[in-house]
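Just so we're aligned, residue 1 is where the sequence shown starts under full-length UniProt numbering, counting upward by one.
Heads up, the beta-carbon is just placed ideally off N, CA and C, and yes, glycines get one too.
In what follows, a single structure is set out as structure tokens and then discussed.
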Amino acid sequence: MAPAPKFSMQEQEKRILDAAEKSIENSSLLDFTMSAIAKGAGLSMGSIYKHVQSKEDVLVALAANMYANEAAMYHTVLTLPLTIPEKIIATNLIDRSKVQTYSFEGQLDNLVSSAALLKRGSPMWLDRMRNNSKKIEQEFDLLFSNAAQSGEFISGMEAVEEIGLLLWSLTAGYFQLVRQHQSLLQGDNAAAGGAIVAIAPDAPHIRGLKRILNAYEWQQPLTQQGIEKACRLLEDIRFR
């Protein structure tokens with residue numbers, strides 16, 4: 001009888017992703033090797049390739065894990081005892097250095113948007129990555145839908161898509177610019193740090209979000225006191 005495997009398939013997967021993270025931190029997102037992952041995970045190359053088929057597949061797998069953690073993070077913030085506008089502003093007040101999955105997640109997020117890279121990803125990991133990314137969108141879709149249906153968002157359902165797009169554009173654009181600026185300062189080492197630290201409650205980005213939110217009708221418009229309350233609750237759960 002063949003000996004029982006040393007690690008279960010689930011344990012192997014975790015060891016591979018952990019080893020991939022360390023290998024990337026020791027080199028870069030472009031220069032890590034599959035052999036380094038095998039050595040770090042304590043697994044044979046055959047076992048590695050049962051889980052990931054290429055370096056690109058490793059990146060997609062890491063992104064799938066990153067998006068799953070990000071969805072869980074947003075779910076935690078969006079269920080805090082805050083008004084809807086306060087919850088939205090809270091998602092922008094998170095200290096990303098305290099909740100990041102990987103030190104290189106900004107660069108990883110950019111890489112896995114490449115069509116050339118995605119062509120080399122396996123269907124399993126691509127599906128998992130896309131499903132986990134979709135969970136993030138669903139968290140916010142549910143938030144806005146509930147806000148309109150409950151009457152907290154007085155502007156109504158017809159404005160839900162509009163405000164969602166405006167807020168996403170401002171938020172995603174802001175964090176992308178910050179990450180690009182950090183990458184330029186840090187040079188070409190893709191494994192360098194790059195977490196976005198907490199934004200001050202009176203920073204231009206937060207003031208801009210407040211203006212957009214309050215351009216719509218809410219039962220309780222966003223106030224500076226509400227922003228400070230969001231900061232305190234984030235501190236309580238160690239997200240800030």
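Distance, residue j Cα to residue i Cα
i	j	result
Asp236	Ala115	40 Å
Leu209	Leu108	26 Å
Phe140	Leu93	16 Å
Phe144	Thr33	43 Å
Arg240	Leu117	34 Å
Leu233	Leu80	8 Å
Leu78	Lys39	40 Å
Ala203	Phe7	48 Å
Asp18	Ala41	7 Å
Ala230	Ile206	12 Å
Met45	Ala36	10 Å
Phe153	Val197	30 Å
Thr76	Ile163	22 Å
Met161	Asn26	For the record, residue 161 in the displayed sequence is Glu; it is not Met. So the alpha carbons of these two residues sit roughly 43 Å apart.
Glu137	Trp218	22 Å
Tyr67	Ile48	22 Å
residue 251	Lys119	No statement about residue 251 is possible, as the shown extent of the chain runs from 1 to 240 and does not include it.
Leu166	Arg238	28 Å
Residue i burial status per 10 Å Cβ neighbour count (16 or more: buried)
i	result
Val58	buried
Asn65	buried
Gly200	In the sequence as displayed, the identity of residue 200 is Ala instead of Gly. Exposed, since its Cβ has fewer than 16 Cβ neighbours within 10 Å.
Gly173	exposed
Ala20	buried
Gly121	buried
Gly193	Here Gly193 scores only 48 on pLDDT, less than 50, and its place in the model should not be relied on; the value that follows carries that caveat. Gly193 comes out exposed.
Nearest residue (CA-CA) to residue i, options the options
i	options	result
Asn214	Glu86, Gln176, Ser122, Val178	Glu86
Glu103	Tyr216, Ile24, Gly156, Glu162	Note on identity: in this sequence residue 103 is Ser, with Glu being the wrong assignment. The option with the nearest alpha carbon to Ser103 is Ile24.
Arg96	Glu162, Phe175, Leu126	Phe175
Trp168	Glu56, Ile88, Ala61, Ile48	Ile88
Asp127	Arg238, Ala61, Ile48	Ala61
Glu56	Met124, Leu142, Leu43, Met9	Met124
Ala63	Met157, Thr171, Leu170, Gly106	Gly106
Sequence-distant residues of the same chain with beta carbon closer than 8 Å to residue i, five excluded per side
i	result
Leu82	Ala90, Gly226, Lys229, Ala230, Leu233
Pro221	Pro85, Leu213, Asn214
Interface flag, residue i vs chain D, CB-CB below 9 Å
i	result
Leu165	Going by chain labels, chain D is absent from the structure shown, which holds only one protein chain.
Check: residue i C-beta below 8 Å from any heavy atom of the ligand ZN
i	result
Lys229	Ligands displayed in this structure: none; no statement on the ligand ZN is therefore possible.
Beta-carbon contacts of residue i that lie in its chain and below 6 Å, excluding the five residues immediately before and after
i	result
Ile84	Ala147, Glu152
I want to know whether the region 217 to 236 touches the region 108 to 125 - three or more CB-CB distances under 8 Å.
Taking 8 Å as the limit for Cβ pairs, the verdict is that the region 108 to 125 does not touch the region 217 to 236.
Are there three or more Cβ pairs, one per stretch, closer than 8 Å when the region 122 to 137 is compared with the region 61 to 77?
Contact between the region 122 to 137 and the region 61 to 77 is present, because at least three Cβ pairs lie under 8 Å.
Would you be able to state if there are at least three C-beta pairs under 8 Å between the region 11 to 18 and the region 48 to 64?
Touching, yes, given that three or more Cβ pairs across the two stretches are closer than 8 Å.
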